[in-house]
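This report concerns only the one structure given below.
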Amino acid sequence: MSDQRFDGRVALVTGGSSGIGAAVAGRLLEEGARVASLDLAEHAPEGVLGLAGDVSNSADVQAAVARVTSELGPVDVLVCSAGITGGSLRTVDVDDDEWRRVFAINSDGVFFCNRAVVGGMTERGYGRIVNVASIAGKEGNPMAAAYSASKASVIALTKAVGKDLAGTGVLVNAIAPAVIETPLLAGMSEDHIRYMVEKIPMGRLGSVDEVAALVCWLASEECSFSTGATYDISGGRAVY
559 MSDQRFDGRV
569 ALVTGGSSGI
579 GAAVAGRLLE
589 EGARVASLDL
599 AEHAPEGVLG
609 LAGDVSNSAD
619 VQAAVARVTS
629 ELGPVDVLVC
639 SAGITGGSLR
649 TVDVDDDEWR
659 RVFAINSDGV
669 FFCNRAVVGG
679 MTERGYGRIV
689 NVASIAGKEG
699 NPMAAAYSAS
709 KASVIALTKA
719 VGKDLAGTGV
729 LVNAIAPAVI
739 ETPLLAGMSE
749 DHIRYMVEKI
759 PMGRLGSVDE
769 VAALVCWLAS
779 EECSFSTGAT
789 YDISGGRAVY
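In the numbering used here, the protein residues as written are 559 to 798.
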């Protein structure tokens, strides 16, 4: 395997200022890609073009893709990592604003980003899209109705877009991590985190580097016969 799998490629990572997104952006950069990050703040790993924008705003997404294309080149790789957990709330306590806030970022944001790049990718006959879903989207977590449902929508979207683009040279896959040690945990209660760790047969949190390794394989040319799929990275919690 070449350690420069992304030489000459341009990658856009949402949520690239921290957590999984930052780890993915850093690894793509190390392996030769020209990388941009789209996050609420321009802060990004060293060497990564930091763009400020809100993925839940389609105009921000379109502007970011246009700037990446202008400054780095057409987008070959998209990794949708931006997301929020929402509050740890009983279903009856999830109000309209909370529901819409979580879906706006986790679901709408992934759709807007996918839509923004697929036209150019299909015209060029090459592209890799990796959407970050969650084990919660497969199994559902208590105290997380909005988060679980929004991540299930990412899995379904990935299936649909992957099939739409099959045969074009553009592959679209998702990953479903269990609980990973990232700043997102700060928004969850200790009971919620404990529940998730107890469900993991390996008995520990995952690391961002472990997730980045899987994402970067899916984002590379080595991934050539898989699309619309969701890859588990849950320490054995889900084996499907």
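We put the CB at the ideal spot given by N, CA and C, even for glycine.
The model shown is predicted, which means the values in this text are computed figures rather than measured ones.
A direct Cα-to-Cα measurement between V582 and A771 gives close to 8 Å.
With contact defined as three or more Cβ pairs closer than 8 Å, the segment 641-656 and the segment 700-708 are in contact. Using a 10 angstroms sphere on the CB of F783, the tally of other CB atoms stays under 16, which defines it as exposed. Cβ contact annotation for A569 (same chain, cutoff 8 Å, sequence separation greater than five): A583, L586, A591, R592, V593, A594, V633, D634, V635, L636, V637 and A777, in chain order. The DSSP-derived three-state label of R682 is helix. Here the segment 614-624 does not lie against the segment 745-762, with fewer than 3 beta-carbon pairs under 8 Å apart.
Per DSSP, reduced to three states, the secondary structure at L609 is strand. Residue burial annotation: K696 is buried, with at least 16 other C-beta atoms found within 10 angstroms of its C-beta. Each residue's CA atom was taken as its position, placing G579 and V688 some 11 Å apart.
Taking the Cα positions, A602 is about 5 Å away from G608. In the same chain as V613, and ignoring 5 residues on each side of it, the C-beta atoms closer than 7 Å to its own belong to T572, L596, V619, A640, I663, G667, F670 and C671, in chain order. Of A691, K721, G745 and K757, the smallest CA-CA separation from T788 is found for A691. Exclusion of the five residues before and after N699 leaves S706 as the residues of its chain whose Cβ lies within less than 6 Å of its Cβ.
Between the beta-carbon of D790 and that of A734 there is about 6 Å, and that keeps the pair under the 8 Å contact cut. In the same chain as P741, and ignoring 5 residues on each side of it, the C-beta atoms closer than 7 Å to its own belong to S576 and G577, in chain order. Assignment of C671 by DSSP, reduced to helix, strand and coil, places it in the helix class. Per DSSP, reduced to three states, the secondary structure at L587 is helical. The C-alpha of G683 lies about 24 Å from the C-alpha of V712.
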